[in-house]
Amino acid sequence: MREVVAPVAAELGLSIEDRDLRADPELLSLYGHDIPVLLLDGREVARHRVTAPELRARLRELAAS
Numbered sequence: 051m052r053e054v055v056a057p058v059a060a061e062l063g064l065s066i067e068d069r070d071l072r073a074d075p076e077l078l079s080l081y082g083h084d085i086p087v088l089l090l091d092g093r094e095v096a097r098h099r100v101t102a103p104e105l106r107a108r109l110r111e112l113a114a115s
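Following this line, the structure appears as structure tokens:
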């Protein structure tokens, strides 16, 4: 997922923070084996795989809400 997320994040001026779910019991209980998961301000953006157009659309949707 990083190969899609990194260029879109750079384009939009967003930073990426990798988190180890095993080190965060709350995230581990929420997502378990459903990784990778992309969150923005605690809201789920994508899970498993995402294309650049899908990511941009989802980020626009979250920005509007």
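Just so we're aligned, residue 51 is where the sequence shown starts under the working numbering, counting upward by one.
Backbone N, C-alpha and C define an ideal beta-carbon position, used for all residues, glycine too.
- Beta-carbon separation of Arg23 and Leu112 under 7 Å? Nothing in the structure corresponds to residue 23, since the chain is present only between 51 and 115.
- Query: Mind checking whether Val87 and Val54 have CB atoms under 7 Å apart?
  - Reply: no
- Query: Taking DSSP as the reference, what is the three-state secondary structure of Val54?
  - Reply: helix
- With Ile66 and Ala56 assumed to form a contact (beta carbons below 8 Å), what rounded beta-carbon distance in angstroms separates them? 6 Å
- In angstroms with no decimal places, state the Cα-to-Cα distance between Asp70 and Val95. 17 Å
- At which residues does the beta strand (DSSP E) containing Arg93 begin and terminate? Arg93 to Arg97
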